[in-house]
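Participant:
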């Protein structure tokens, strides 16, 4: 999986999850017209009951805070290096719609077997005076309903959602149209925030300007 979101994938996929991917970006500049905008700066996507001080330097936050730096076109994250910098950036596009779709592209030096593009659903919860998103639900667009944490019945075949096709030997499926991605994200939201104790969605929150 994409290295910069490996931690998020672990937090978002508590059990067997297959994520929606594509061989090329399916959403274009035109799809971003009218879309909400993520406020640039330091964000936190805390997992579970993660405890940390928002006033403290982000360099002192625990890994479960899932610190990230957001710019107009890139997401920075992962375990910081010796000087406190994030190791890698991923290009993203936020497409308008219900829900909004976060299209995340892998870097050119992606590892063999990594998907080229993955998709997440985004639902704004709060905005600032300029209309920039400062809090949002974030969840992965999944290929099918995730297995329960006890593993479920592995003998039953997994039924993918419409418009998605399996990729042999891979954990993700492939979408070829924006409609298939949005349908998967819309359905995945109900699984991500079901309230049954196995939720895999996160609430992202803008903290402050800068990356510390």
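Numbering (mature numbering (1 follows the signal peptide of the UniProt record, and there is no 0)), first residue to last: -20 to -1, 1 to 192. Glycine included, every Cβ here is placed at the ideal spot set by N, Cα and C. Here the structure is a predicted model, which is why all the values come from computation and not from measurement.
Tell me, to the nearest whole angstrom, how far the beta carbon of residue 140 is from that of residue 124; I am working on the premise that it is less than 8 Å.
Facilitator: That belief holds up - the Cβ atoms of residue 140 and residue 124 are roughly 5 Å apart, short of 8 Å.
Participant: If you measure from the CB of residue 156, is any heavy atom of the ligand ADP nearer than 7 Å?
Facilitator: Among the components modelled here there is no ligand, and therefore nothing to report on the ligand ADP.
Participant: In this structure, does DSSP put residue 171 in helix, strand or coil?
Facilitator: The answer is helix: DSSP assigns residue 171 an H, G or I state.
Participant: With 16 other CB atoms within 10 Å as the buried threshold, where does residue 31 fall?
Facilitator: Exposed is the call here.
Participant: DSSP three-state call for residue 142: helix, strand or coil?
Facilitator: Residue 142: coil per DSSP, three-state reduction.
Participant: Taking the alpha carbon of residue 80 as the reference point, which residue from 117, 157 and 122 has its own alpha carbon closest?
Facilitator: Comparing Cα positions, the closest option is 117.
Participant: I need the straight-line Cα distance from residue 13 to residue 76, nearest angstrom please.
Facilitator: One C-alpha to the other measures close to 7 Å.
Participant: Mind checking residue 154: buried by the 16 CB within 10 Å criterion, or exposed?
Facilitator: Under this definition residue 154 is a buried residue.
Participant: Excluding five sequence neighbours on each side, which residues of the same chain lie with their C-beta closer than 7 Å to the C-beta of residue 87?
Facilitator: So the qualifying residues of the chain are 68 and 70.
Participant: Around the C-beta of residue 72, are 16 or more other C-beta atoms found within 10 angstroms, so that it is buried, or is it exposed?
Facilitator: When all chains shown are included, residue 72 counts as buried.
Participant: Do you know offhand how far residue 78's Cα is from residue 7's?
Facilitator: So the two alpha carbons sit approximately 14 Å from each other.
Participant: Could you compute how far the alpha carbon of residue 135 sits from the alpha carbon of residue 127?
Facilitator: Unreliable placement is indicated for residue 135, whose pLDDT of 46 sits below 50; no coordinate value is reported for it.
Participant: Can you give me the C-alpha to C-alpha distance between residue 65 and residue 55, rounded to a whole angstrom?
Facilitator: When rounded, the distance between both Cα atoms is 13 Å.
Participant: Express the C-alpha separation of residue 40 and residue 91 in angstroms, rounding to a whole number.
Facilitator: For residue 91 and residue 40, the distance between alpha carbons rounds to 29 Å.
Participant: My guess is that residue 182 and residue 25 are in contact by the Cβ rule of under 8 Å, so how many angstroms apart are they, rounded?
Facilitator: The Cβ separation is near 5 Å, so the contact holds.
Participant: Below 6 Å CB to CB, which residues in the same chain sit around residue 105 once its five sequence neighbours on both sides are set aside?
Facilitator: So the list reads 115 and 116, once near-sequence residues are dropped.
Participant: Would a C-beta distance cut-off of 8 Å place residue 152 and residue -1 closer than the cut-off?
Facilitator: A contact, by the Cβ cut-off of 8 Å.
Participant: What is the DSSP secondary structure of residue 30, reduced to helix, strand or coil?
Facilitator: If DSSP states are grouped into helix, strand and coil, residue 30 belongs with coil.
Participant: Are the beta-carbon atoms of residue 179 and residue 22 separated by less than 8 Å?
Facilitator: Result no, Cβ atoms of residue 179 and residue 22 do not sit closer than 8 Å.
Participant: Which of the three DSSP states is assigned to residue 75 in this structure?
Facilitator: Three-state result, residue 75: strand.
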